[in-house]
Each structure stands twice: as structure tokens, then as C-alpha cells.
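Engineer: Sequential numbering from 2 applies to the sequence shown in the numbering used here.
All C-beta atoms in this analysis are idealised placements derived from N, C-alpha and C, irrespective of residue type, glycine included.
Because the structure is a prediction, the values reported are computed rather than measured.
This is the structure I want to talk about, given as C-alpha cells.
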Amino acid sequence: YAQHFNLFPHIKLNTLVKHVEPVTSCDQTTWLVTYKNMATLEETSVRFDAVILCNGHYTVGNIPNIRGKSTFNGTSIHNHQYRMPEKYKGRNVCILGASWSGIDIAIEVSKYAEKVYLSHNLPEGLKAKIANNVEQRASIEFINGKTFHFRDGTSAEIDDFIYSTGYKFTYPFMSDKVTIKTDDNHVEPIYKHLVHADTKNLFFMGLLRIVIPFPMFHI
2 YAQHFNLFPH IKLNTLVKHV EPVTSCDQTT WLVTYKNMAT LEETSVRFDA
52 VILCNGHYTV GNIPNIRGKS TFNGTSIHNH QYRMPEKYKG RNVCILGASW
102 SGIDIAIEVS KYAEKVYLSH NLPEGLKAKI ANNVEQRASI EFINGKTFHF
152 RDGTSAEIDD FIYSTGYKFT YPFMSDKVTI KTDDNHVEPI YKHLVHADTK
202 NLFFMGLLRI VIPFPMFHI
């Protein structure tokens, strides 16, 4: 795509955006962007007329606050870190969250694990049976060591814990001069999920969920 439309001359690869600062003069706002060349480690600042934030929201995992989770001495990861199901061979695994990723991981892990507990808060549970060694449980009430206590009154001994609990919107490179709230997994103040309500030349791409991403985000 980039080759076909000759976009590479306009793209800087292996580059980390360090800071984005609004600069206002004569009622006009421009953006001072500081970025770092990851090959040379050189930092450069360039002024732009507009900024489009396209850093996505599938990198920083949302880790819920569960009572006693610090007492768990097994392995715990967010599904962003999940790679190979074979490492769970013969083990008892708890997966918290039963959206697409949680179900997909439960199916994969069940081929190797002794037992998979799929913990979620779906009122009616999942209709389809996933695998013989996958049990659905209510959400987690608290954790005591390797014992997970669920809100339905049951408990289970767990070796490995996988959070499938979504992701956080995060913009660590943005200046504090720009108001961006990400409470309750929503980005505000945004008009039409695209334009910053207070700054007409600051745009956001990819905020919507449960969509077909590439056609929707195509500019």
C-alpha cells in the first residue's frame, strides 16, 4: 500500500513520539512534536499544523482491582502478552473475561491445560459448550494465594491467571495543556469520536470498538 501510493517519503519509521505540545499565537494553535529516532537516539522537534492521534488502544491492558490479587503466587499475564498455549500443559488456568479474546484463548489453552475456568459476569453465561475441561464461573470475588473465590460461591485452585479484561486508552506523550479524559474507558471531550471538542486541529483515530477496524480507519 505504502509503495503503491508512494507514501514512504512521508513516513518516519522506527520513531518514538516523546511529546506533543500545543503552541498558540495570534489565536492560531500549532503543534510542537518531539520525536526520537530509535536507531540514532537523536531527538528532533518539528512544528505541525494539525495532529492525528492514531496510537490505538490495544497495548496497555486494563487490570481490574481484585481483592487479594497480590497474594497470588502463580503466573499472571494480560492477554496482550499471551502467545503459546503449550506452556499451560497440565495446569489449572483461570481466564477472567469472556469476550472474543477470552473465549479464543480458553479454546486454545483447553487443548493443553488440565482445567480452564472461564470467569465472567455474563448473566446467562455462554450458550455453546467450549470444551469438556472448560468450566464457566462467575466473576472473581477475591483471591487467597492460589485459591480463587468466585461470586457464585465456588472456588478453585489456580496455577496461571490470564486477564482478558480489555485495554486502556492512553496518551502519555500529550501535553498537560490539552484536556483528554479517559475515565470509564471513554475518551473526552471528543466530537463524533473524531475531533477534539476544544481544539479543532487535533483528531483521534480508532476510538470505536466492536467494528471492522481497517475499512473504518482508512483515511
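Using the Cα positions of Val110 and Ser140, report the straight-line distance between them to the nearest angstrom.
Structural biologist: Reading the sequence shown from its first residue, position 109 is the one you call residue 110. Reading the sequence shown from its first residue, position 139 is the one you call residue 140. Cα-Cα distance, rounded: 19 Å.
Engineer: Does any residue of chain C bring its CB to less than 8 Å from the CB of Gly62?
Structural biologist: In the structure shown, chain C cannot be found, because there is only a single protein chain.
Engineer: Does the segment 107 to 122 come within contact of the segment 145 to 160, defined as at least 3 CB pairs closer than 8 Å?
Structural biologist: At 8 Å Cβ cutoff, the stretches touch.
Engineer: Nearest to Leu54 by alpha carbon, out of Val34, Ala157, Asn15?
Structural biologist: To locate residue 54, count along the sequence shown from 1; it is residue 53. The shortest C-alpha separation from Leu54 is found at Val34.
Engineer: Taking all protein chains shown into account, decide if Trp101 is buried (16 or more other Cβ within 10 angstroms of its Cβ) or exposed.
Structural biologist: Taking the first residue of the sequence shown as 1, we reach residue 101 at position 100. Classification of Trp101: exposed, given that the 10 Å Cβ count is below 16.
Engineer: Alpha carbon to alpha carbon, how far is Ala132 from Tyr83?
Structural biologist: The count along the sequence shown starts at 1 and reaches residue 132 at position 131. The count along the sequence shown starts at 1 and reaches residue 83 at position 82. Their Cα atoms are separated by approximately 20 Å.
Engineer: Write down every uninterrupted run of the alpha helix (DSSP H) in the segment 11 to 92 whose length is 4 residues or greater and which is fully enclosed by it, in chain order.
Structural biologist: The segment 11 to 92 contains no whole alpha helix (DSSP H) run of 4 or more residues.
Engineer: How would you call Asp185, buried or exposed, if buried means at least 16 neighbouring beta carbons within 10 angstroms?
Structural biologist: Taking the sequence shown and counting its residues from 1, the one referred to as residue 185 is at position 184. Label assigned to Asp185: exposed.
Engineer: Report the partner residues of Ala157 according to the DSSP bridge assignment.
Structural biologist: On the sequence shown, position 156 is the one that residue 157 refers to. For Ala157, which the question treats as bridged, DSSP gives the partners Phe149.
Engineer: Taking all protein chains shown into account, do 16 or more other C-beta atoms lie within 10 angstroms of the C-beta of Phe9, making it buried, or fewer, making it exposed?
Structural biologist: Here the question's residue 9 lines up with position 8 in the sequence shown. Under this definition Phe9 is an exposed residue.
Engineer: Can you tell me whether Leu209 is buried or exposed, with buried defined as 16 or more other CB within 10 angstroms of its CB?
Structural biologist: As a working note, residue 209 is residue 208 in the sequence shown. Exposed, because fewer than 16 other Cβ atoms sit within 10 Å of the Cβ of Leu209.
Engineer: Is it buried or exposed, Ala114, if we count other Cβ atoms within 10 angstroms and call 16 or more buried?
Structural biologist: Numbered from its first residue, the sequence shown carries residue 114 at position 113. By the neighbour-count rule (16 or more Cβ atoms within 10 Å), Ala114 is buried.
Engineer: Using the rule of at least 16 other Cβ atoms within 10 Å of the residue's Cβ for burial, across every protein chain shown, is Cys95 buried or exposed?
Structural biologist: What you label residue 95 is simply residue 94 of the sequence shown in a count that begins at 1. Buried.
Engineer: Could you spell out the range, first to last residue, of the beta strand (DSSP E) harbouring Ser120?
Structural biologist: If you number the sequence shown from 1, residue 120 lands on position 119. Taken as a continuous stretch (DSSP letters only), the beta strand (DSSP E) holding Ser120 covers 116 to 120.
Engineer: So Glu136 is in the beta strand (DSSP E); what residue range does that whole segment cover?
Structural biologist: Looking up residue 136 in the sequence shown gives position 135. From DSSP, the beta strand (DSSP E) with Glu136 extends over 135 to 138.
Engineer: Just curious, the beta strand (DSSP E) that Phe204 is in, first and last residue?
Structural biologist: Locating residue 204 in the sequence shown gives position 203, where the first residue counts as 1. From DSSP, the beta strand (DSSP E) with Phe204 extends over 203 to 205.
Engineer: Rounding to the nearest angstrom, what Cα-Cα distance links Gly126 and Asp160 in this structure?
Structural biologist: Translated into the one-based positions of the sequence shown, residue 126 becomes position 125. Translated into the one-based positions of the sequence shown, residue 160 becomes position 159. Looking at the two C-alpha atoms, the distance is approximately 24 Å.
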